[in-house]
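K.L.:
Protein chains: 2
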Amino acid sequence: MIHPIERKVLSENDRVAAGVRSRLEIVGTLTLNFIGSPGAGKTAFLERTLQLLPSGTSAAVLTGDIQTENDAIRLARHGFPVQQITTGGACHLDARMVESHLWEWRFKEFDYLFIENVGNLVCPTSYDLGEDGKVVVLSVAEGEDKPMKYPGIFRKAELMILNKVDLLPYVPFQPELACEYARTINPDIHIIQCSSLTGEGFGDWMAWLERRRIAKRHFSPNHEEAHLQTTFV
Amino acid sequence: MIHPIERKVLSENDRVAAGVRSRLEIVGTLTLNFIGSPGAGKTAFLERTLQLLPSGTSAAVLTGDIQTENDAIRLARHGFPVQQITTGGACHLDARMVESHLWEWRFKEFDYLFIENVGNLVCPTSYDLGEDGKVVVLSVAEGEDKPMKYPGIFRKAELMILNKVDLLPYVPFQPELACEYARTINPDIHIIQCSSLTGEGFGDWMAWLERRRIAKRHFSPNHEEAHLQTTFV
């Protein structure tokens with residue numbers, strides 16, 4: 079049940095997101111939108127990801143929070159361009175915020191753009207940011223039933239990072255059950271179990287990321303076309 | 079920066095919340111609104127609280143979720159009346175939802191009403207439910223800087239439960255820093271460190287709860303007046 083005003087806001091957001099997507103398509107940047115609760119470990123996960131990117135890879139991060147620049151400071155230590163988006167109260171990022179920050183970089187050709195959304199399993203789900211895919215981050219310190227309680231994001235995500243698996247010996251959390259619930263909501267969801275502390279699962283994640291980027295390059299007619307134009311004009 | 083439509087919704091909510099508060103005042107029920115991220119451990123915390131209530135105490139729970147009756151089923155095992163509020167998508171409870179569920183109990187004279195809000199550190203903060211106080215639940219599996227990133231709820235809460243302290247040996251979390259940040263945002267906030275698994279901190283919490291209930295009875299003119307009316311009319 080969506081209020082007419084909310085519908086109008088969302089449709090305006092969709093329009094802006096389509097513009098962002100089309101520009102990112104042209105420059106061939108794989109863009110992922112990370113959504114999870116506060117404390118699910120999104121920033122630490124992205125920090126480790128940046129450390130593991132093969133040399134020569136170009137990547138950028140937009141990180142959203144209600145207040146503080148903390149996450150941008152943490153992420154910027156890894157030598158990649160990072161911008162903090164502080165929403166000043168809003169519970170989610172929207173396409174306009176992403177667009178204006180991407181203009182700061184003049185939509186440069188990055189291999190990857192990682193967007194860390196505001197910590198919230200609900201509101202960010204409804205806002206398309208122009209990304210290629212959504213990644214939901216669920217920590218094993220939360221409950222297994224989160225996919226059933228917050229089905230929206232698990233339905234829309236193509237990948238679930240089951241995070242902080244180093245804590246499994248100390249928490250009453252059954253990972254099989256969490257995966258079963260996630261697949262009940264979304265049978266196609268891909269799941270990788272990770273720990274940003276120990277590095278467990280990061281081999282699979284980095285391989286997934288590389289495959290996803292190559293698949294995008296191959297199946298993106300816009301990018302090919304843009305590339306041809308650059309080459310022949 | 080609040081949109082005029084949002085302001086209208088909030089002011090309508092405040093009107094309903096004032097009605098709920100005044101009824102709860104008359105029946106002398108101490109009402110607490112629990113707010114925290116998904117997976118902060120609100121349900122387990124309330125389960126242990128119900129187990130520890132002195133015999134003869136009357137209490138009820140309203141538990142909010144986007145989907146599922148899971149939490150109501152867990153909470154109802156402890157022999158107290160429980161109702162699930164499923165918001166069907168909304169990211170917070172509002173006063174109207176609370177009011178309609180309280181009518182189901184005909185605003186019975188409970189000693190305590192515990193309201194477990196939807197798992198979300200942002201949106202529930204703006205919606206008064208007619209409660210006496212807000213309790214923010216922060217798990218040590220999240221980051222220490224959550225009070226700085228989500229200042230709204232830490233400013234409004236009178237009590238912070240620093241939860242899952244049994245995990246402290248396994249997570250890079252400094253409780254002193256989290257408390258310092260919380261007090262930077264809200265110098266008056268009371269903090270109790272708890273674990274629903276081991277029971278640590280529940281002595282302090284149950285004592286706080288009892289003191290808070292007695293203080294409410296003593297300082298609530300409405301209740302005294304209502305009580306006098308019941309006694310002498």
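Just so you know, the sequences run in chain order A and B. Under the numbering used here, think of the first position of the first sequence as 79, with each following residue one higher. Under the numbering used here, think of the first position of the second sequence as 79, with each following residue one higher. The beta carbon of each residue, even a glycine, is placed where N, CA and C say it ideally should be.
Quick one: what's got a C-beta closer than 8 Å to B:T127's C-beta in the same chain, skipping five residues either side?
P.N.:
Only F192, F280, W283, M284, L287 meet the Cβ criterion.
K.L.:
Taking Cβ positions only, does A:T153 come closer than 9 Å to chain B?
P.N.:
The identity of residue 153 of chain A in the sequence shown is Leu, whereas the question assumes Thr. Chain B, which has no Cβ nearer than 9 Å to the Cβ of A:L153, makes this no.
K.L.:
Does the separation of the CB atoms of B:P202 and B:N264 fall below 9 Å?
P.N.:
No, these two residues do not count as a Cβ contact at 9 Å.
K.L.:
Going by Cα to Cα distance, which pick from B:S136, B:Q129, B:G166, B:I104 is closest to A:Y228?
P.N.:
Among B:S136, B:Q129, B:G166, B:I104, the Cα nearest to that of A:Y228 is on B:G166.
K.L.:
Would you mind sorting A:R295 into buried or exposed? The rule is 16 or more other CB atoms within 10 Å of its CB.
P.N.:
Exposed, because fewer than 16 other Cβ atoms sit within 10 Å of the Cβ of A:R295.
K.L.:
Is the beta carbon of A:I113 less than 9 Å from the beta carbon of A:N241?
P.N.:
No, Cβ-Cβ distance for A:I113 and A:N241 is not below 9 Å.
K.L.:
For the region 213-243 of chain A, list every residue whose C-beta sits within 9 Å of some C-beta in chain B, in sequence order.
P.N.:
The residues in question are L216, S217, V218, A219, E220, G221, D223, K224, M226, K227, Y228, P229, G230, K242.
K.L.:
Ordered along the chain, which non-local residues of its own chain (more than five positions away) have a Cβ less than 6 Å from that of B:K186?
P.N.:
Same-chain partners within the cutoff: there are none.
K.L.:
Tell me, please, whether the region 160-177 of chain B touches the region 144-152 of chain B by the rule of three or more beta-carbon pairs shorter than 8 Å.
P.N.:
Contact holds: three or more Cβ-Cβ distances are below 8 Å.
K.L.:
DSSP has A:F192 in a bridge; who is on the other side?
P.N.:
According to DSSP, A:F192 bridges with A:L110, A:V139.
K.L.:
Name, please, each residue of chain B whose Cβ falls closer than 9 Å to the Cβ of A:S115.
P.N.:
Chain B residues near A:S115: S115, P116, G117, A118, G197, N198, L199, E220.
K.L.:
Comparing alpha-carbon positions, which option in B:A118, B:M238, B:F158 lies nearest B:F188?
P.N.:
The shortest Cα separation from B:F188 among B:A118, B:M238, B:F158 belongs to B:F158.
K.L.:
The beta strand (DSSP E) that contains A:S204, what's its start and end?
P.N.:
No beta strand (DSSP E) holds A:S204; DSSP gives it neither H nor E.
K.L.:
Below 8 Å on the Cβ atoms is my guess for B:I267 versus B:E236; work out the distance and round it to an integer in Å.
P.N.:
B:I267 to B:E236, Cβ: 7 Å. Contact.
K.L.:
Are A:T109 and A:Y205 touching if we call contact CB-CB under 9 Å?
P.N.:
No, the pair does not count as a contact, with Cβ atoms beyond the cut-off.
K.L.:
Could you give the DSSP three-state label for A:G281: helix, strand or coil?
P.N.:
Looking at A:G281 - three-state DSSP - the assignment turns out to be helix.
K.L.:
DSSP puts B:K212 in a beta bridge; with which residues?
P.N.:
Looking at the DSSP assignment, B:K212 forms a beta bridge with B:N111.
K.L.:
Go to A:H268, then tell me how far its beta strand (DSSP E) extends in each direction, as first and last residue.
P.N.:
Taken as a continuous stretch (DSSP letters only), the beta strand (DSSP E) holding A:H268 covers 268-271.
K.L.:
Within the same chain, show all residues whose beta-carbon is closer than 7 Å to that of B:Q129, passing over the 5 residues directly before and after it, in chain order.
P.N.:
Contacts found: H156.
K.L.:
Thinking just about the alpha-carbon of each residue, which of B:S274, B:P132, B:A173 is nearest to the one in B:S89?
P.N.:
Looking at the Cα atoms, B:A173 is the closest of the given residues.
K.L.:
Output the distance between the C-alpha atoms of B:R233 and B:N91, rounded to the nearest integer angstrom.
P.N.:
Spanning the two alpha carbons is a distance of roughly 20 Å.
K.L.:
Can you list the residues of chain B that A:Y248 reaches, using a CB-CB cut of under 7 Å?
P.N.:
Within chain B, the residues near A:Y248 are L245, Y248.
K.L.:
To which residues does DSSP link A:M76 through a beta bridge?
P.N.:
No information on residue 76 of chain A is available, as it lies outside the stretch 79 to 311 that chain A covers here.
K.L.:
Once DSSP output is grouped into helix, strand and coil, what is the label at B:S89?
P.N.:
Reduced to three states, the DSSP call for B:S89 is helix.
K.L.:
A:L124 CB to nearest chain B CB: under 9 Å?
P.N.:
With 9 Å as the cut-off, A:L124 does not count as an interface residue toward chain B.
K.L.:
How is the alpha helix (DSSP H) around B:I151 delimited, first residue to last?
P.N.:
Element bounds for B:I151: 148-154.
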